[in-house]
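**Student:**
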Amino acid sequence: MATASLGVGGYATDWAVFFFIIVSASLFFITLPVVGFWIYSFIKSIKRRTKVDRMLLYFHIADLLLIGLIVYWNNSPTQDCNAEIMARHYDAEGSWMRNIADCERLVLPDSTRFVIEFGESGTIPQADYLDGQYLKILKNHLDDVGCIGIEIDNYHHSRYTTFRFRRVGMGMYSFRLYDEPLTREQQDSLNANECLIVYNDSTVFEFGGGVFGVQHFVGKEEYMAKRRK
Numbered sequence: 007m008a009t010a011s012l013g014v015g016g017y018a019t020d021w022a023v024f025f026f027i028i029v030s031a032s033l034f035f036i037t038l039p040v041v042g043f044w045i046y047s048f049i050k051s052i053k054r055r056t057k058v059d060r061m062l063l064y065f066h067i068a069d070l071l072l073i074g075l076i077v078y079w080n081n082s083p084t085q086d087c088n089a090e091i092m093a094r095h096y097d098a099e100g101s102w103m104r105n106i107a108d109c110e111r112l113v114l115p116d117s118t119r120f121v122i123e124f125g126e127s128g129t130i131p132q133a134d135y136l137d138g139q140y141l142k143i144l145k146n147h148l149d150d151v152g153c154i155g156i157e158i159d160n161y162h163h164s165r166y167t168t169f170r171f172r173r174v175g176m177g178m179y180s181f182r183l184y185d186e187p188l189t190r191e192q193q194d195s196l197n198a199n200e201c202l203i204v205y206n207d208s209t210v211f212e213f214g215g216g217v218f219g220v221q222h223f224v225g226k227e228e229y230m231a232k233r234r235k
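Heads up: the sequence shown runs through residues 7 to 235, numbered per our numbering.
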């Protein structure tokens, strides 16, 4: 788990590999006898039919299922995200996202801050006080544009709506859709923030690393350099 968390989001992979090598080398003379004993015990539990052997066989089956689950997780395709993925997605769904933002902002009263994110199960416990039919419609709209959440702040009169796009590890990738075009000075000010990338005069890509994640948009410099070329 520690090794996997170090490599989340496409960064610190070298440290993850280094950590894995150090731990494996330091525990080699412990893990090798344990693995050998496990194989010996597994074979014996299959051949013999005592009560203790049956109990051991149950534990060995549980071990095999756990190992299979770990192998499946490691080989299943992981959801990745970067600025180029966000650019392609916005080019395809940006207009529909703006339609949703306009409709939701009009529905909400003034002095209201609306933040909602749908989990993998399709539910969000803190939204129990909202109308179920409304949540179902909103989730369908977000699913249509490939997003998992939305933030609208009428309380502070923010000039943009945030669409939560993807979670990768502890990080969150989002789109900021501004109501009015940004001036050149405003774009430069936003680009100075390490967590923001100005895509056009009314769209900004945003990355939030959470409490323990990296506090910058991974790959921003490379993407900006590619765009300048």
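The beta carbon of each residue, even a glycine, is placed where N, CA and C say it ideally should be.
1. Distance, Cα to Cα, TRP102 vs PRO39?
2. Less than 8 Å between the beta carbons of PHE213 and TYR179, yes or no?
3. Between which two residues does the alpha helix (DSSP H) containing SER101 stretch?
4. The alpha helix (DSSP H) spanning GLY215 covers which residue range?
5. Between GLU99 and VAL151, which are expected to be in contact by the criterion C-beta below 8 Å, what is the C-beta distance as a whole number of angstroms?
6. Between LEU202, CYS109, SER47 and ARG172, which lies nearest to MET230 when the distance is taken from Cα to Cα?
7. Could you check where the beta strand (DSSP E) with VAL174 kicks off and where it finishes?
8. Is there contact between the segment 164-175 and the segment 190-206, where contact requires at least three CB pairs shorter than 8 Å?
9. In this structure, how does DSSP classify LEU33 when only helix, strand and coil are distinguished?
10. If you compare alpha carbons, which of ILE122, ILE158 and PHE211 is closest to ASP108?
11. Taking DSSP as the reference, what is the three-state secondary structure of ARG55?
12. Report yes if the C-beta distance between THR209 and ASN160 is below 8 Å; otherwise report no.
13. With a cut-off of 8 Å on the beta carbons, I'd call ALA89 and GLY225 a contact; round off their distance for me.
14. Once the 5 residues before and after ARG60 are set aside, which same chain residues still bring their CB inside 8 Å of it?
15. Measure the alpha-carbon distance for PRO83 versus ILE91 and round it to whole angstroms.
16. What are the start and end residues of the alpha helix (DSSP H) that includes TYR229?
17. What three-state label does DSSP hand ASN146 in the structure shown?
18. CYS238 to ILE27, Cα distance in whole Å?
19. So GLY138 and GLY177 are supposed to be a Cβ contact under 8 Å. How far apart are they, rounded?
**Tutor:** Quick answer:
1. It is roughly 59 Å from the alpha-carbon of TRP102 to the alpha-carbon of PRO39.
2. yes
3. 89-113
4. Looking at the DSSP string, GLY215 is not in any alpha helix (DSSP H), and its letter there is neither H nor E.
5. 4 Å
6. LEU202
7. Looking at the DSSP string, the run of the beta strand (DSSP E) that includes VAL174 is 166-174.
8. no
9. The answer is coil: DSSP assigns LEU33 none of H, G, I, E or B.
10. ILE158
11. coil
12. no
13. 6 Å
14. SER51
15. With a pLDDT of 48 at PRO83, under the threshold of 50, the predicted position of this residue should be treated as unreliable, though the coordinate-derived value follows. Between PRO83 and ILE91, the C-alpha separation is close to 16 Å.
16. Per DSSP, the continuous alpha helix (DSSP H) segment holding TYR229 begins and ends at 226-234.
17. The answer is helix: DSSP assigns ASN146 an H, G or I state.
18. Nothing can be reported for residue 238: it is not among the residues displayed for the chain, which extend from 7 to 235.
19. Between the beta-carbon of GLY138 and that of GLY177 there is about 30 Å, and that puts the pair past the 8 Å contact cut.
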